[in-house]
Amino acid sequence: MLCSPQNPRKRVLSGIQPTADSFHLGNYLGAVRQWVALQDEYDAFYCVVDLHAITVPQDPQTLRRRTKVAAAQLLAAGLDPDRCTLFVQSHVREHTELAWILGCITGFGEASRMTQFKDKSAKAVSAKSGEASVGLFTYPVLQAADILLYNADQVPVGEDQRQHLELSRTLAQRFNHRYGETFTVPQPYILKEVAKIYDLQDPTAKMSKSSSSPQGIIDVLDEPSVIRKKIARAVTDPGAEVTADEENKPGVTNLLRIYSALSAEPVNALEDKYTGVGYGGFKKDLAELIVATLTPVRERTQAILGDEPALERTLEHGAANARKAAAQTMTAVRDLIGFLS
Ligand code: AQP
């Protein structure tokens, strides 16, 4: 394997798309919080995946701004450039090169089975934003390249990425079988309790940046008054008891999981705590908990965005580090598949 011999720690890699003005509570609990927690134990690589973002139409100015905001938010959430490598995906050209090579060992049928493509292409058609792009179709192959390029051992993601991760594993094994041991076969790192945070207005759907209703999403950069309103209006279920029941009370169950993830109190302890209190009191406390968690992140994001040259230096430093690791992998890959040096 091409793991860096000078660094005995295992590798972790993950990415986030700059497809909105802020990432949301689902991104934060499902992924980003784990990234922060893993940056000491692992040799951690994290990226803002702008190449993934353009699989659906993006306005160039907006994309540039959102890429910076996403990086600032990651730093504000606790990523430390001295303890991890934070970079922008398009700054490391090897991602696209490896994606092409992996695309050439991916079956059309296996790429066609990716459910996220089915969902997102259906959305593109219904939103009348034109037909889905080939890039959207091959998105999971690019994701495999992101991961394999760095020989990541673990990939901390939400549940929605499990199928893509499985494809990455398949492609690593296929390449290793055809050309000789090259890539680490990555493992998904998915925390069950926060693997899928649901939309506040439609608790059967994933909280998503591209959700149709902003009321269903808590953005990390939302002001306290906005958070309080969104939680107060969150869909609850018939009855008044604050109890978890995925099938019959998906709304309250989702809120309980969010509360539990933020307070580290188990769901059953929360059920006891709110016996007889009703939805109103429970939601009020939950809103305050979210405000207390996200306010420092919002304030730090604003401070980081106030010094763009420093942010750019951090991203350039991260890109240089990432390029070194990526170049090492690609030198071996090019040789193995028979390209002239
Ligand atoms: N609702 C969620 N619950 C838990 N984890 C989630 N993630 C996304 N939504 C939830 C995880 O966040 C990480 C970054 O996501 P992404 O930016 O790569 O895009 P996504 O998964 O497609 O998320 P969105 O918010 O739904 O974006 P759009 O609308 O642009 O497609 C990933 O690890 C993801 O699993």
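Numbering (my numbering), first residue to last: 180 to 520. Just so you know, even glycine gets a beta-carbon here, dropped at the ideal spot from N, CA and C.
In DSSP terms, what residue i is bridged to
| i | result |
| --- | --- |
| F224 | L192 and T264 |
| V334 | P367 |
| Y377 | K385 |
| K428 | D424 |
| H167 | Residue 167 is absent from the structure shown; the chain starts at 180 and stops at 520. |
Rounded Cβ spacing between residue i and residue j (contact assumed at less than 8 Å)
| i | j | result |
| --- | --- | --- |
| L204 | I326 | That belief does not hold up - the Cβ atoms of L204 and I326 are roughly 25 Å apart, past 8 Å. |
| T264 | A501 | 6 Å |
| E444 | V421 | With 8 Å as the limit, E444 and V421 do not qualify as a contact, their Cβ atoms being about 13 Å apart. |
| R262 | Q218 | 5 Å |
| Y462 | A423 | It should be pointed out that residue 462 corresponds to Lys in this sequence rather than to Tyr. The Cβ separation is near 15 Å, so there is no contact. |
| V336 | S193 | 6 Å |
| D339 | Q380 | Not really, about 18 Å apart at Cβ, beyond 8 Å. |
Beta-carbon gap between residue i and residue j smaller than 7 Å
| i | j | result |
| --- | --- | --- |
| L328 | E402 | no |
| V334 | L208 | no |
| A470 | I369 | One point to set straight first is that residue 470 is Val, not Ala, in the sequence displayed. No, these two residues do not count as a Cβ contact at 7 Å. |
| V227 | V271 | no |
| A251 | Q196 | no |
| S201 | V399 | yes |
| A256 | V476 | yes |
| A278 | A324 | yes |
| A448 | I410 | no |
| Y318 | T234 | yes |
| L350 | L281 | yes |
| K408 | D416 | no |
| P382 | G430 | yes |
| T493 | P260 | yes |
| L441 | L473 | no |
Residues of its chain near residue i, where Cβ-Cβ distance is below 8 Å and the 5 sequence neighbours each way are ignored
| i | result |
| --- | --- |
| D332 | K189, R190, V191, Y221, T363, P365 and Q366 |
| K247 | L484, E487 and L490 |
| A419 | G457 and Y458 |
| L253 | I195, V211, W214, Y225, V227 and L265 |
| K388 | Q196, T198, A199, F202, H203, N206 and I396 |
| L132 | Past the edges of the chain, shown from 180 to 520, lies residue 132, and the structure says nothing about it. |
| R341 | P367 and I369 |
| I437 | L204, L208, I376, L465 and I469 |
| Q352 | V364 |
| Q240 | none |
| G460 | Y453 |
Close beta carbons around residue i, own chain, < 7 Å, minus the five adjacent residues each side
| i | result |
| --- | --- |
| S300 | A311 and L315 |
| L181 | With a pLDDT of only 46 at L181, under 50, the local geometry of the prediction cannot be trusted, and no value is derived from it. |
| F354 | I284, T361 and F362 |
| M386 | H203, L204, G205, I376, Y377, D378, G395 and I396 |
| S347 | Q322, A323, I326, L327 and P365 |
| S269 | D229 and L230 |
| S291 | none |
| R243 | none |
| N249 | Looking at the sequence provided, one finds Ala at residue 249 rather than Asn. For A249, where only same-chain residues beyond five positions count, the Cβ hits under 7 Å are I195, P197, F202 and V227. |
| E495 | none |
| L258 | W214, V215, Q218, Y225 and L265 |
Contacts around residue i, its chain only, beta-carbon distance under 6 Å, and the 5 residues preceding and following it disregarded
| i | result |
| --- | --- |
| S390 | D378 and I396 |
| Q322 | H343 |
| G497 | T264, L265 and F266 |
| A499 | none |
| A303 | A311 |
| G455 | none |
| V320 | A278, L281, G282 and T285 |
| T480 | A251, Q252 and A255 |
| F518 | none |
| A384 | D378 |
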